[in-house]
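Taken in order, these protein sequences are the chains called A and B.
Using the working numbering, read the first sequence as starting at 1 and increasing by one per residue.
Using the working numbering, read the second sequence as starting at 1 and increasing by one per residue.
Written below as structure tokens is the structure these notes are about.
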Amino acid sequence: MSEHRTTPGTDGPDLAAVENPVAPSNDSVRVEHAAAEPEGTSRGAGLMSGAFGRNLGLVLALLVICVVGVVTAGDRFASVDNMVTILRLASIVGVVSIGMTFVITGGGIDLSVGAIVALSSVWASTFATQTMAEDTHWLVMVFTALAVGGACGLVNGVLIAYGNIVPFIMTLAMLASARGLAEIISERRTQIVRVEGFKDFWSADVLGVPLLVVIFALVSVGGWFLFNRTTFGRRTLAVGGNPEAARLAGINVKRHTVLLYVLVGLCCGLAALMYLARTSTGSSTHGTLLELDVIAAVVIGGTLLTGGRGTIVGTVIGVLIFSTLSNVFVLNNQDSSTQAVAKGLIIVVAVLLQQRLARRSTTT
Amino acid sequence: MTTQPTTAPLLEMRGIVKRFPGVLALGGVDLDVRPGEVHCLLGQNGAGKSTLIKVLSASYQPDEGEVLWEGRPVALPTPQSAMRLGISTIYQELDLVPGLSVAENIFLGHELSSGGMSQRGRTNRAAADLLARLGHGEISPTREVGRLTPAAQQIVSMARALSQDTRLLVLDEPSAVLDQGEVDNLFRVIRDLTAEGVAVVYISHRLEEIRQIGDRITVLKDGRTVATGLAVAETPTADLITLMTGRSIEYVFPPRGDAVVTTGEPVLEVSDLELAGVFSGVDLRVHAGEIVGLAGLVGAGRSEILETVYGARRASAGTVRVNGRELRRGSVPAAVKAGLGLAPEERKSQGLLLDQAVYRNVTVSTLGRFARLGFLDSGDERRRAAEVTQSLDVRPAGVDRLVRLLSGGNQQKVVLARWLLRECRVLLLDEPTRGVDVGARAEIYAVVRALADSGVAVVVVSSEVEEVLGLADRVLVVREGRVVHEGPAHEIDESRVLDLVMEGSAA
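Below, the structure written as structure tokens:
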């Protein structure tokens, strides 16, 4: 192919050397090339319909639950106060779910989130920590919870990435030992939060909205930006989608994996603080089975359990579905067993719906 | 080779149409295959060969057209129904279970059992017989399939096909993972099968193979049959290429530039590199603008040398220098930072994020450049990716398309675009044209040469000697982990290279 075309350069100067190294192989191809050109313009609409399609099933499910709530509980469900209750209920699971979305999209899983929450809440509310907080500032408790959560995540991440332990097993081990450690530290006693500054700040409202809900909102928005608009989010998709290709493209896959677990660990630390605020206690029983609620919310949200695809919006809706559901059950005086059955059904139905819609939106 | 023009066809496909949303994959394909013949299916990537064999194996349902088996119309609603007729397909991506043994894989789905208990002894003996019949008695039936070489795995797939009463065997590019000796063995097996009356549908990009093994040829282009039932012996290669492409050239290598200045400091300097147990004592100097080719058999250590230079494997000894600066061992990020780029051998599993858009695949190694405080400017990303992919003529254009939907040649261009965007100084290409059709090959060659002319140092590894000799300025021949020859490409020919790589392996 010696017939190099010389067309006036429209590319950047660094490309000039290889500009049009390839002569078009035949005319029909050139026509095809031109015909494919306008595609860029329809991209926005295509993406919208894709994301819309994926989240439609979820929104429908949420609406169905709301309708059931209105019909069965009337004004007791459809009130501002009750909405706030639902959001407050959602906030702790929500914060951890955002972190979990990153881990699962990056090809991992973290079963230890509930245990890390318990350990962080206990550590941040020990006699020693609280005494120190009273002597200095209540931020000591915040720092402690985040540090403990982050450190647990670091241990998970390092042993998974560099010790080559399967995430399921490593975090299962962390699940057992973190909760055990929380029991040892607290001597299985509930620790009352007595630092006034902490209680005042964390139980405050911001413009009538409880701080817990505000935190959930901030973490969601921040998580969305991190996921969709940053190199970190993009690398997470690459690492989860094809770790080998990501590695050969020059991404430090191991380091990224560690960061993912640290991120979810920090979310757990934050969730521990939210437990301390909501219950005024630190306890080794906080966050029991939290991991199941979190993973369920992430997965029905549309994040692929095998990695490489995830959605923060879907996760948030997934969290809201579960908290609205349990709110409706509580308002109707149903026990938690019925609720658990309904939860299972919701997971299956939502995932089935979602698969159908996703298939339709990817094939068109 | 037994052409039996009078025999009634075993299989006939008439007017097969298959539509995918927005794409007409097959627009009326005819194919007839006779018992005991090797029927070659030719066509460029995207011509519809893969879709056609998926219709044949009933993985896809055709929208129009009919399939006749021994003259009677048959419905093929499920892959099992095709299997029951005796149609076996061996796909490019082998569908074996890596954790099971060879024998278990061969009899998967039709296990030898009595009363629900599997009979391991009988299974292993039957598997050993099948493997012996395929000329590979050395593969142990109890071995785990995941531990076998790709070539041996393919033999296991063939044995699996034979373990069922196969009357039509479809082979999708079987030679892609094989070296010359293994290809010869494959051909021997195919001849044995056809002698027993089995019909074979053989798909390959390599025309010389079709000459050796084929009886008749059907050519597809753009989802349509452009010629069917051509006798291999009577159809000149030039005609076939014209049918496939509308052009009349096979391999077209771009002209080498003026003599490359190789006296100054090399861009890439590898000294005494060793990967314990695989290769040792490899020295390699590549200057700006130079293309160096590595030739050798599969398993001679060629790919491993590239991957070790790139830091994807940790060298046990030796150094890699780029522009005089030594690279940290076993660190890909360090290599990329120093200006190295790799287009890996397994494009799909090692090179690409198949379910992500073209632009994301292009910018994955340059993300930092589009970020402010970690936040990406995806408009800028798309713009730069569009510039680079257009300069490489990736078709169809449009950087938001999923890479999965592109043909092999265009996927390879996406990988090249990644490193072009990074302005890398050293480009390592491992089997750059594997699974790439004839027309697109020439384009890839031209791109590589143009990159070299712009000052990039290029190292090419290929199983196809012709490709190494045609593309490279200088050639290194690797045998059993050692460089046994080094010299200008124009001073050595294919038979000499083959001599060098085979030498000693015959003993």
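Even glycine gets a Cβ: it sits at the ideal position worked out from N, Cα and C.
Q. How is serine 125 of chain A classed by DSSP in three states: helix, strand or coil?
A. One-based indexing of the first sequence puts residue 125 of chain A at position 125. Correct three-state label for serine 125 of chain A: coil.
Q.
Using only the alpha-carbon positions, how far apart do arginine 425 of chain B and leucine 402 of chain B sit?
A. Taking the second sequence and counting its residues from 1, the one referred to as residue 425 of chain B is at position 425. Taking the second sequence and counting its residues from 1, the one referred to as residue 402 of chain B is at position 402. Going by the C-alpha atoms only, they are around 28 Å apart.
Q: Could you tell me how far apart the beta carbons of leucine 392 of chain B and alanine 357 of chain B are, in whole angstroms, since I believe they sit closer than 8 Å?
A: Against the second sequence, residue 392 of chain B aligns to sequence position 392. Against the second sequence, residue 357 of chain B aligns to sequence position 357. Leucine 392 of chain B to alanine 357 of chain B, Cβ: 16 Å. No contact.
Q.
Mapping the DSSP letters down to three states, classify isoleucine 192 of chain A as helix, strand or coil.
A. Residue 192 of chain A sits at position 192 when you count from the first residue of the first sequence. Strand at isoleucine 192 of chain A.
Q | Short CB-CB distance (under 8 Å) between glycine 250 of chain A and chain B | A | Your numbering for residue 250 of chain A matches position 250 in the first sequence. Judged by the 8 Å Cβ criterion, glycine 250 of chain A is in contact with chain B.
Q.
Cβ closer than 9 Å: which chain A residues qualify as neighbours of phenylalanine 508 of chain B?
A. Outside the displayed range of chain B (1 to 507) lies residue 508 of chain B, so it cannot be described from this structure.
Q.
When you compare the CB positions of alanine 213 of chain A and serine 91 of chain A, do they come within less than 8 Å of one another, or not?
A. To locate residue 213 of chain A, count along the first sequence from 1; it is residue 213. To locate residue 91 of chain A, count along the first sequence from 1; it is residue 91. Residue identity differs from the one stated: residue 213 of chain A is valine in this sequence, not alanine. Cβ distance < 8 Å, so valine 213 of chain A and serine 91 of chain A count as in contact.
(Q) Can you pull the chain B neighbours of arginine 247 of chain A, defined as C-beta to C-beta under 8 Å? (A) Locating residue 247 of chain A in the first sequence gives position 247, where the first residue counts as 1. Going along chain B in sequence order, the residues near arginine 247 of chain A (Cβ under 8 Å) are Ala312, Val332.
Q | Cut-off 6 Å between Cβ atoms - residues of its own chain near alanine 145 of chain A, not counting five sequence neighbours on either side | A | Counting from 1 along the first sequence, the entry for residue 145 of chain A is found at position 145. Only Ser120, Ala124, Gly269, Ala272, Leu273 meet the Cβ criterion.
Q: Note down, in chain order, all residues in the stretch 362-387 of chain B with a beta-carbon under 7 Å from any beta-carbon belonging to chain D.
A: The question asks about chain D, but that chain is absent: this structure's protein chains are A and B.
Q: Just confirm the distance between the C-beta atoms of histidine 39 of chain B and threonine 218 of chain B, as a whole number of angstroms; I'd bet it's less than 8 Å.
A: The residue given as residue 39 of chain B occupies position 39 in the second sequence. The residue given as residue 218 of chain B occupies position 218 in the second sequence. Yes, histidine 39 of chain B and threonine 218 of chain B are in contact; Cβ-Cβ is about 7 Å, under 8 Å.
Q. Are the Cβ atoms of leucine 31 of chain B and methionine 13 of chain B separated by less than 8 Å?
A. Working through the second sequence from its first residue, we reach residue 31 of chain B at position 31. Working through the second sequence from its first residue, we reach residue 13 of chain B at position 13. Yes; because the gap between Cβ atoms is below 8 Å, this pair is in contact.
(Q) Quick check on leucine 525 of chain B - is its C-beta less than 8 Å from some C-beta in chain A? (A) No information on residue 525 of chain B is available, as it lies outside the stretch 1 to 507 that chain B covers here.
Q.
So proline 432 of chain B contacts chain A; which residues on that side make the cut at Cβ distance below 9 Å?
A. In the second sequence, counting from the first residue as 1, residue 432 of chain B sits at position 432. Here the premise fails: no neighbours, minimum Cβ distance about 14 Å.
Q) Over what stretch of residues does the beta strand (DSSP E) that includes alanine 343 of chain B continue unbroken? A) Sequence index remark: in the second sequence, residue 343 of chain B carries index 343 (1-based). Note, alanine 343 of chain B: beta strand (DSSP E), 340-343.
Q.
Is it buried or exposed, isoleucine 312 of chain A, if we count other Cβ atoms within 10 angstroms and call 16 or more buried?
A. As a first step, residue 312 of chain A is located in the first sequence; it is residue number 312 there, counting from the start. Isoleucine 312 of chain A comes out buried.
Q. On the three-state DSSP scale, how would you describe proline 333 of chain B?
A. The residue you call residue 333 of chain B lines up with position 333 of the second sequence. Proline 333 of chain B falls in the helix class under three-state DSSP.
Q: Just mark tyrosine 310 of chain B as buried or exposed, buried being the case when its beta carbon has 16 or more other beta carbons within 10 Å.
A: Numbered from its first residue, the second sequence carries residue 310 of chain B at position 310. Tyrosine 310 of chain B comes out buried.
Q: Report yes if the C-beta distance between valine 140 of chain A and threonine 129 of chain A is below 8 Å; otherwise report no.
A: Here the question's residue 140 of chain A lines up with position 140 in the first sequence. Here the question's residue 129 of chain A lines up with position 129 in the first sequence. Yes, they are a contact pair.
Q | C-beta atoms of valine 264 of chain A and phenylalanine 143 of chain A nearer than 8 Å | A | Taking the first sequence and counting its residues from 1, one reaches residue 264 of chain A at position 264. Taking the first sequence and counting its residues from 1, one reaches residue 143 of chain A at position 143. No.
Q) Can you find a C-beta in chain A that's less than 8 Å from the C-beta of leucine 342 of chain B? A) For the purposes of this step, residue 342 of chain B is identified with residue 342 of the second sequence, where counting begins at 1. It does; some Cβ of chain A falls within 8 Å.
Q: Let me know the secondary structure DSSP gives leucine 134 of chain B once reduced to three states.
A: Along the second sequence, one-based indexing puts residue 134 of chain B at 134. Note: leucine 134 of chain B maps to coil in three-state DSSP.
Q) Which residues, taken in chain order from the stretch 296-312 of chain A, show a beta carbon closer than 9 Å to some beta carbon of chain B? A) Gly308, Arg309
Q) Along chain B, in chain order, which residues have C-beta atoms closer than 7 Å to that of alanine 238 of chain A? A) The sequence position of residue 238 of chain A within the first sequence is 238, counting from 1. Leu353, Val364, listed in chain order.
Q) Who are the Cβ neighbours of isoleucine 347 of chain A in its own chain at under 6 Å, not counting the five residues just before and after it? A) Here residue 347 of chain A refers to the residue found at position 347 when the first sequence is read from its first residue. Once the five neighbours on either side are set aside, the close Cβ partners of isoleucine 347 of chain A are Ala296, Ile300.
Q: Say whether chain B places a C-beta atom closer than 8 Å to the C-beta of arginine 234 of chain A.
A: Start at 1 with the first residue of the first sequence, and residue 234 of chain A comes out as number 234. It does: the Cβ of arginine 234 of chain A has a partner Cβ on chain B nearer than 8 Å.
Q | Close Cβ partners of serine 326 of chain A (< 6 Å) along its chain, the five nearest in sequence each way excluded | A | As a working note, residue 326 of chain A is residue 326 in the first sequence. Hits under 6 Å: Gln339.
Q) On the three-state DSSP scale, how would you describe tyrosine 202 of chain B? A) As a position in the second sequence, residue 202 of chain B is number 202, starting the count at 1. Tyrosine 202 of chain B falls in the strand class under three-state DSSP.
Q | Span of the beta strand (DSSP E), counted from its first residue to its last, around phenylalanine 279 of chain B | A | Indexing the second sequence from 1 puts residue 279 of chain B at position 279. Its beta strand (DSSP E) spans residues 279-286.
Q: Would you grab the beta carbon distance between valine 448 of chain B and valine 497 of chain B for me? Rounded to a whole angstrom, and I think it's under 8 Å.
A: For this step, residue 448 of chain B is matched to residue 448 along the second sequence. For this step, residue 497 of chain B is matched to residue 497 along the second sequence. Not really, about 19 Å apart at Cβ, beyond 8 Å.
Q: Please look up how many angstroms separate the CB atoms of alanine 457 of chain B and alanine 472 of chain B, rounded, as I've assumed it's under 8 Å.
A: If you number the second sequence from 1, residue 457 of chain B lands on position 457. If you number the second sequence from 1, residue 472 of chain B lands on position 472. At roughly 12 Å, the Cβ-Cβ gap does not stay under 8 Å, so alanine 457 of chain B and alanine 472 of chain B are not in contact.
**Q.** Test item: CB-CB of glycine 294 of chain B and leucine 476 of chain B under 8 Å
**A.** Reading the second sequence from its first residue, position 294 is the one you call residue 294 of chain B. Reading the second sequence from its first residue, position 476 is the one you call residue 476 of chain B. A small correction: the amino acid at residue 294 of chain B is leucine; glycine does not occupy that position in the sequence shown. In contact: leucine 294 of chain B and leucine 476 of chain B (Cβ atoms closer than 8 Å).
(Q) Between the stretch 226-235 of chain A and the stretch 396-416 of chain B, can you find at least three pairs of beta-carbon atoms closer than 8 Å? (A) no
Q) Is the shortest distance between the beta-carbon of arginine 188 of chain B and the beta-carbons of chain A less than 8 Å? A) Indexing the second sequence from 1 puts residue 188 of chain B at position 188. With 8 Å as the cut-off, arginine 188 of chain B does not count as an interface residue toward chain A.
Q: Evaluate the contact criterion for the stretch 177-195 of chain B versus the stretch 49-63 of chain B: three or more CB pairs, one atom per stretch, below 8 Å.
A: no
**Q.** Bridge partners - isoleucine 492 of chain B, DSSP secondary structure assignment
**A.** For the purposes of this step, residue 492 of chain B is taken as the residue at position 492 of the second sequence. Isoleucine 492 of chain B pairs with nothing; no bridge assigned.
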